[in-house]
Structures are given as C-alpha cells and as structure tokens.
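For reference, the structure discussed in these notes is given below.
Residue numbers (this note's numbering): 1 to 562.
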C-alpha cells in the first residue's frame, strides 16, 4: 500500500504527516535496551550515491554483523525496475555497488519487502466510515484526477466502485465506533468537491478481513413490539466477498441497560482495540441512568478472535476525563489524559471545557485496575525541570495537548511525552515539547520542558516526533527529538528533519542539554524519512542515525555512543 502510493505521489497533495508516520515506526527499535555512560559521536561518515539512486527511493535496508545494505529502487520502464544495492561495513565504509534490473513481478518474488506495482496499475483501496446518516459504510474504490477547467485547478479524489452497509442479523443499522483491517492503514490527504476542503482519511488495500465495533440502532418496530436490542456488536467481515464471518453482541450484561458514552477508542501496540465507556445522564434519563457518574468501564477487544479479552469496571476519579491515549506495555495497559473533577456529580455527557486542573493516569495489570491517580496542575509547575542552556522552560498548562510516546522503565517509572498546541484560524499550531516522569505508583516525579529550535511554518503544522530509549542498567533514558527544519518539495519530496538528543537520569530526575546531530553551520544532513535510525550492528550502548544532504546526493551515517 505505502509503496504503491509512492508511485502516484506526484498527483497527490501529500502533506508532511504522511512522511512523519515513517519516523514513528522506529519506536520499535528504540525499545531495545542500552547503557549510557557518556554521549559522544563515535563514527560519522558520508558517501556520494549515483544520480539515479538520488532520484529513486530508498526502499529497503538489511543489516548484520558485517554491515549494511541499502537498496534504492529506480523506475526504468512501465514493467521493469532498476535497483542499486550499496553495501557498507559496520563502520560505514563503502564496500561495493551492485546494479540490477528486473521485471516487476520478479522483483516481488525475489524481494518479499517490495510491494510496488507497474506504472498505470490501479489498486483498489478500502475506506471505512460513517455516512451522513450515521451508518457505517465500507467503500471500495480508487483515486482519480478531477479538474475545474474554468478555474484551472486539478486535484485527486476518491472514486467509489463498490460499497457495503453492514447490518445485524435482523437488518438493524450500525454506527461505526472502532475498526481494524488486516492490511496496514495509511492516512492520505486529498481535496474533493464532496468534501469542500482538504481532508485526511485512512485507507488500506481492499483485501483480507475487517473487524468493526459498532453500536446497533433499534428499529421503530422494536420499540412497539417491546424488543430489547443489544446495544453493541463486533463483526468480522470479509472484504473480498462482503460476507460477515463472525459476530459477537455485547452490552446487555456489561451495562445492565444503563446508557453509555464511548469516551475513547484506539488501536494498541498489541493489535487489540481499546475502549473506555462512561455512563450518561440528563433530562428524562433518571430511571435508566447509572446514579454514579464515576462507574466507568475499560474493554479490550481481540479483533481476529472477535472476543472481549478484558472487561474491567472501575471508579474514575473524574467525570470529565479527556483521555489522550491508551498504551499497552507487555501485559499492562496505561490510560492517561487531562481531566477535571470539579463536577463529579454530573455525568460525562454533561461536562465539557478546554481547561483542566488534573492529569489522570491509570494502570491495568492483567484483569484488574492496579491504580489510578490524579495530579493537580500546580504539582506540574512545582516539579518543572529546566533543560540546560534554554532561554525559557515550556510546561504543561492544563490545556488540551497532543500525546507523544510512553515508556515504562525496568524499575516501573513511566515517561510520557507531549506537545502543546494552539488553535488558530488556519488550524492547529504545534508548539514546544514536554515530558512527564511518574514513579511506579503513578505519582509525578518530574516535568521536563523543551523549547523547539525550529519554528518555521512546517514545524508549526506538524507534530514533532519524540522518542525514548532506556539503558541496559535501567539508570538513564535517552530522549530523541526529531526537529523539522523545512520541507523539500522539488523532486524527491521529504521532510527535512534532524535529531536532537538528551539523556535523563531516572533516579535524580535530571536531564542533559539537547545536542543536534549532523546539523551544523557549514554542513546540514537530514534524516531519511523511511529509515531515520538504523540498527547498530557493532553492539554496545550506541544508536545509528542515517540521512543525507538536502539534495539527497550525499548520504550520511552517524553512530552515537552513550
């Protein structure tokens, strides 16, 4: 899917977010343990690739004890692809270049990582969403060019070729709450008459199976006949033949007829769908509403098995909890976000606002809620730690923010990164970064504020990637920030990112000054969007950063020892 989109990227109005998603994927590499005693550049090397490779795409990187192999894919005809394989030893010394030209089908069979298509291939894509009436629709189709010749503008739009409106066994309509496709999903931005503006939607290849979680809409005749309708359903649907393979209704036993509001839903790292429900109330609901607004419920759904694997009722500390994220870490689950507890006598659907006095975090272990805590905004201010060398120290202000990464260390400390945002007439503006450190029981240990170096228009419109990595001895955490210096729009389009790194002492709750890598006054190297950090093959406490100059001609390696 992602490789296919690269072949038509000249037509799409792609935004920076698409490229940034590649960088987020390296989080898995950063979970590998290291031991930091110092922070210095161990090896830095550059090499000039061919003009053909520069114009192509770096599609794959393999590595081993003997070094690295970089594969650039270059389009040479509609049915054939030309590739250049560059090999380097473990210290990034050039070893050789191999050129290869194969038919597209042979490339697929020889290289399992390749998912591209020949030029002109139309790939069917799947979009799952609620329509204007609130009914879930599966839309299968493809992108095509639309033009307004009077105004002289053209854009890409999505053409629906087939659609399906799933219903329960009695033909009742469904409203989508959550979904997961077998094929990876990609966020694509495009413009269209039907949307009236630029929009971002999730697409996947139109193959495999799809799991949806939906609310069931009773029919009028159900009420007349006194039929009790189960409020929610989980469906496993075959995208290929549009059949419902498996179905599970839920909600009667779990909620006992008390109406609920879905507070949060999301896909976790373990592949499961996480959902948090809270009771609702209000006028005319006194007889059926849960009298306690704090009787919340966490549910976790295994999409392939169509099964509820965790169902935990718990007492929320806040009737208004703006959950930012739910993250799985081993068998534990962490729920966190800003909250307000001043109106805990009111149900979740009756409280609102953009200013919060609390930050709430909860830990689920196995089938139990292990703990849940509130931290007041004043405590964040009291425990603010400055980054050495900064003119100002940004902090969490109790307003809505975007969440970054969560890391749980060996000794149970919890690190959560976030970024302040500001609403403007043009949309969301991303501002400075911060991170929270909680102890193993959920009590705030420190808040760290980081002032961004880059404040250009691209940096303001995209979330800054923030990554943590723990040492082998569990004493320190490396904090990596990928700054956005700009955007290269001509030719090989990509964000211009570079890394700044710092180290946090876990016990002392102190951090070092952030240092840039490969980004000086004379030479500037930018991280590769698809492979910004490579596995380090020589062992030890090291990380390897990879990128190139702005033109993409000179590639750059940098190994940092801690």
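Virtual Cβ for every residue (Gly too), placed ideally from N, Cα, C. None of these values were measured; they are calculated from a predicted model.
For the segment 425 to 492, the full-length beta strand (DSSP E) segments reaching 3 residues or more read 427 to 438, 444 to 450, 465 to 470, 476 to 488 along the chain. When DSSP states are grouped into helix, strand and coil, residue 333 belongs to the strand group. Rounded to the nearest whole angstrom, the C-alpha separation of residue 253 and residue 440 is 34 angstroms. Relative to the Cα of residue 281, the nearest Cα in the group 429, 443, 350 belongs to 350.
Residue 356 sits in coil when the DSSP states are folded into three classes, being neither helix nor strand.
Contact between residue 251 and residue 230 holds: their C-beta atoms lie close to 6 angstroms from each other, under 8 angstroms. Between residue 553 and residue 48, the gap from beta carbon to beta carbon is short of 7 angstroms. Using a Cβ distance threshold of 7 angstroms, residue 482 and residue 465 count as a contacting pair. Within its own chain, the residues whose Cβ lies closer than 8 angstroms to the Cβ of residue 310, once the five positions on either side in sequence are excluded, are 298, 299, 300, 333, 364, 367, listed in chain order. Its Cα nearest to that of residue 268, the residue 405 stands out among 425, 66, 107, 405.
Counting other Cβ atoms within 10 Å of its Cβ, residue 97 stays below 16 and is therefore classed as exposed.
In the DSSP assignment, residue 253 falls within the alpha helix (DSSP H) that extends over 252 to 255. In its chain, beyond the 5 residues on either side, 479, 511, 512, 514 have a beta carbon closer than 6 angstroms to the beta carbon of residue 502. Selection 303, 448, 348, 557 evaluated against residue 397 yields 448 as nearest (Cα-Cα). Under the 10 Å beta carbon count, residue 455 is surrounded by fewer than 16 other beta carbons and is classified as exposed. The Cβ atoms of residue 274 and residue 237 do not sit closer than 7 angstroms to each other. Comparing alpha carbon positions, the residue from 359, 433, 427, 559 closest to residue 390 is 433. Residue state for residue 350 is assigned as helix, using DSSP reduced to three classes.
The beta-carbon distance between residue 137 and residue 214, rounded to whole angstroms, is 11 angstroms. This is too long to meet the 8 angstroms contact definition.
Here residue 409 has 415, 470, 474, 477, 506 as same chain residues with Cβ atoms under 8 angstroms from its own Cβ, once five neighbours each way along the sequence are excluded.
Within the model, the alpha-carbon separation for residue 161 versus residue 170 is close to 27 angstroms. Put simply, the backbone Cα of residue 102 is about 20 angstroms away from that of residue 87. The straight-line gap separating the alpha-carbon atoms of residue 438 and residue 497 is approximately 29 angstroms.
Residue state for residue 241 is assigned as coil, using DSSP reduced to three classes.
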